[in-house]
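Notes follow once the structure below has been shown.
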Amino acid sequence: MWRRVGGALIAGVLLMAASLSPALAQNVRVTVNGTPITDVQIAQRVKLFALEGNQGGTRGATEQLIDEAIQMSEAKRLGITVSNAQVDEALLQVARNLRVSQDRLVQIMQQAGVNMETLKDRLRAAVAWNAVTQVAVMPQVQLDGAALDQQAANQINDFERFDYILKEIIFVGAGSGARSGQANNYRSKFNGCDGAVNLSLNYTDAAVIDIGRRHATQLPEALAKELAGLNVGGITKPRVVEQGVSMLAICEKTQADDLTFVKGELEAEAGNSALETRAKEYMANLRSQAKIIYN
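Mind the numbering: the sequence shown is residues -25 to -1, 1 to 270 in mature numbering (1 follows the signal peptide of the UniProt record, and there is no 0), read in order.
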């Protein structure tokens, strides 16, 4: 008897599911290189847009999904795969950027009616596209080294044209007022780097640290300006740092235009800009060649 009732119940559930299936069916709205994009995906992306304050609506969501399908297709062509672990790490980074826990992010998404797979799909495409740009686009980016040298040289100020060998004298501990008083006392008696350690022995919790060679462009601007006005054997005014109160002593000082660090920053900035421009061109070319069918 129970077998007959159980069988009837299962049959009823199957009939109900069959009767509901047309209403739950997903309709394909766009096909991109053979990859379908459904109305459900578009609706979910619209909800994600709304959660982010993006006013792109249905059209914007559709176009973004088309771009992502093209990006994933290109990644596949290049043999690039994105693991679930990479997607999970990207998701964790999103939560960190929003300063919420991952559980709270999931809760926010659910309250907005957004399936987590919607965000994961976008993150997967972003990770894949980043890999594509590294493999296929970056080798095409070339920077004008001579122009960067000239630009870096133009940005060097007079106080940044020195190379130093430095020692740090630090008075460790809390109570910056008292520590600053001791530091100023040390500074008044300072007579060059050779005697820095012996002089520090007259003070409680004072340490001398060999900083080594530093170019002015590696130092904070205010500190570089102060050092530029001092000669060998000079020592900066006390400044409060995390560990206590610190001063820098000049053991050697030579004039040297080192463009390494300034040029490095300019190169990174120019490289990022050039890479972004070239990636947009690469994407535009992929899109022009893609087979996009709107239903």
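Just so it is clear, CB atoms sit at the ideal spot from N, CA and C, and this is done for glycine as well. Being a predicted model, the structure only gives us computed values, none of them experimental.
Asked	Found
Using the beta-carbon count (16 or more within 10 Å), is Leu(-11) buried or exposed?	Residue placement at Leu(-11) cannot be trusted, given a pLDDT of 34 that sits under 50; what the coordinates show is reported in the next sentence. Result: exposed.
Tell me Asn224's beta-bridge partners as DSSP assigns them.	Note on identity: in this sequence residue 224 is Ala, with Asn being the wrong assignment. Looking at the DSSP assignment, Ala224 forms a beta bridge with Lys142, Ile210.
Select from Ala103, Ile83, Leu94 the residue whose C-alpha is nearest the C-alpha of Thr56.	Ala103
Considering only the alpha carbon of each residue, which of Thr10, Ser58, Gln68, Leu66 lies closest to Gln46?	Thr10
Count the other CB atoms, across all protein chains shown, that sit within 10 Å of the CB of Ala(-3); report buried if there are 16 or more and exposed otherwise.	Bear in mind that a pLDDT of 40 at Ala(-3), under 50, signals an unreliable position, so the number given afterwards is only what the model happens to contain. Exposed, by the Cβ-count rule.
For Ala254 and Gly209, what's the separation of their Cα atoms in angstroms?	51 Å
By the three-class DSSP mapping on this structure, what secondary structure does Thr56 have?	coil
Using the rule of at least 16 other Cβ atoms within 10 Å of the residue's Cβ for burial, across every protein chain shown, is Ala231 buried or exposed?	exposed
Looking at Ala265 and Val7, is the spacing between their C-beta atoms short of 8 Å?	yes
Tell me whether Met222 is buried or exposed, calling it buried when 16 or more other Cβ atoms sit within 10 Å of its Cβ.	buried
Please classify Gly150 as buried or exposed, where buried requires at least 16 other C-beta atoms within 10 Å of its C-beta.	exposed
Does the beta-carbon distance from Ile140 to Ala171 come in below 8 Å?	no
Which residue marks the beginning of the beta strand (DSSP E) containing Thr6, and which one marks its end?	3 to 7
Mind checking whether Lys142 and Ile186 have CB atoms under 8 Å apart?	yes
Can you tell me which of Ala158, Glu38, Leu53 puts its alpha carbon nearest to the alpha carbon of Val216?	Ala158
Could you give the DSSP three-state label for Thr179: helix, strand or coil?	coil
Leaving out five residues before and five after Gln16 in sequence, what residues of the same chain have Cβ atoms less than 7 Å from its Cβ?	Leu40
For residue 271, collect the residues of the same chain with a Cβ closer than 7 Å to its Cβ; drop the 5 residues on either side in sequence, then sort them by chain order.	Because the chain in this structure spans residues -25 to 270, residue 271 falls outside the shown range and cannot be described.
Thr13 lies in the beta strand (DSSP E); which residues open and close that run?	10 to 13
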